[in-house]
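Written below as structure tokens is the structure these notes are about.
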Amino acid sequence: MKALVFRGPGSMPLEERLDPSPGPGEVVVEVRASGICGSDVHGFAGATGRRRVGVVMGHEATGEVVQTGSDVTTVRVGDRVVLRSILSCGRCASCRSGRPNLCLERQGFVAELRQD
Ligand SMILES: [Zn+2]
Ligand SMILES: [Zn+2]
Numbered sequence: 014m015k016a017l018v019f020r021g022p023g024s025m026p027l028e029e030r031l032d033p034s035p036g037p038g039e040v041v042v043e044v045r046a047s048g049i050c051g052s053d054v055h056g057f058a059g060a061t062g063r064r065r066v067g068v069v070m071g072h073e074a075t076g077e078v079v080q081t082g083s084d085v086t087t088v089r090v091g092d093r094v095v096l097r098s099i100l101s102c103g104r105c106a107s108c109r110s111g112r113p114n115l116c117l118e119r120q121g122f123v124a125e126l127r128q129d
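Our numbering applies: residue 14 is where the sequence shown begins, and numbers increase by one.
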């Protein structure tokens, strides 16, 4: 598979990677379209330290589930999905009030491809 990989400010080559396989609770999504976020642009330019060398760019994407790992019950192969770029706790006041983007424990989705 092809992946657009951040190699440092101004360097983002298209690289060949092994096809991923899902672990427990994970799915593999074949990306159909990906947006270019402002944070991607700033990371590519080196204006922020929010992109680590080796990260696969593009965290705002849509696609189709092509494999599911064990314990996955909410989606099936063939489902069309949108990647949610923020992981939130689901328990705090912000999450419970429908504003997971303001979660105090939120983490950014990082598309890293395991090389297994
Ligand atoms: Zn974004
Ligand atoms: Zn929360």
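Using N, Cα and C, we set each Cβ at its ideal position, and we do this for glycine too.
### Message
For residue 27, list the residues DSSP reports as bridge partners.
### Response
Along the sequence shown, one-based indexing puts residue 27 at 14. DSSP output for residue 27 lists 17 as bridge partner(s).
### Task
Kindly indicate which residue of 54, 119 and 69 has the alpha-carbon position closest to the one of residue 30.
For the purposes of this step, residue 30 is taken as residue 17 along the sequence shown, with counting starting at 1. If we check each option's Cα against that of residue 30, 69 comes out closest.
### Query
Whose C-beta lies closer than 7 angstroms to the C-beta of residue 114 among residues of the same chain, with five residues either side of it excluded?
Numbered from its first residue, the sequence shown carries residue 114 at position 101. Taken in chain order, the residues that qualify are 99.
### Task
Measure the C-alpha to C-alpha separation of residue 22 and residue 83 and round it to an integer number of angstroms.
Mapped onto the sequence shown, residue 22 falls at position 9. Mapped onto the sequence shown, residue 83 falls at position 70. Whole-angstrom Cα-Cα distance: 38 angstroms.
### Message
Quick check: the stretch 74–89 against the stretch 101–109, are at least 3 beta-carbon pairs closer than 8 angstroms?
### Response
no
### Message
Using the Cβ count rule (16 or more neighbours within 10 Å means buried), how would you classify residue 16?
### Response
As a working note, residue 16 is residue 3 in the sequence shown. So residue 16 ends up on the buried side.
### Message
Assuming residue 54 is part of the beta strand (DSSP E), what are its boundary residues?
### Response
What you label residue 54 is simply residue 41 of the sequence shown in a count that begins at 1. Unbroken run through residue 54 is the alpha helix (DSSP H), 51–58; no beta strand (DSSP E).
### Message
Distance check for residue 49 and residue 60, CA to CA, integer angstroms please.
### Response
As a first step, residue 60 must be located in the sequence shown, where it is residue number 47. As a first step, residue 49 must be located in the sequence shown, where it is residue number 36. One C-alpha to the other measures close to 16 angstroms.
### Message
One question on the structure: do residue 80 and residue 44 come within less than 8 angstroms of each other, judged by their Cβ atoms?
### Response
For the purposes of this step, residue 80 is taken as residue 67 along the sequence shown, with counting starting at 1. For the purposes of this step, residue 44 is taken as residue 31 along the sequence shown, with counting starting at 1. Result no, Cβ atoms of residue 80 and residue 44 do not sit closer than 8 angstroms.
### Message
Taking 7 angstroms as the cut-off, is the beta-carbon of residue 97 closer than that to any non-hydrogen atom of ligand 2?
### Response
Counting from 1 along the sequence shown, the entry for residue 97 is found at position 84. Flag unset: Cβ of residue 97 not near ligand 2.
### Message
If I measure Cβ to Cβ from residue 64 and keep anything under 6 angstroms in the same chain, skipping five residues before and after, which residues do I get?
### Response
For this step, residue 64 is matched to residue 51 along the sequence shown. Excluding positions up to five away in sequence, the list reads 19 and 56.
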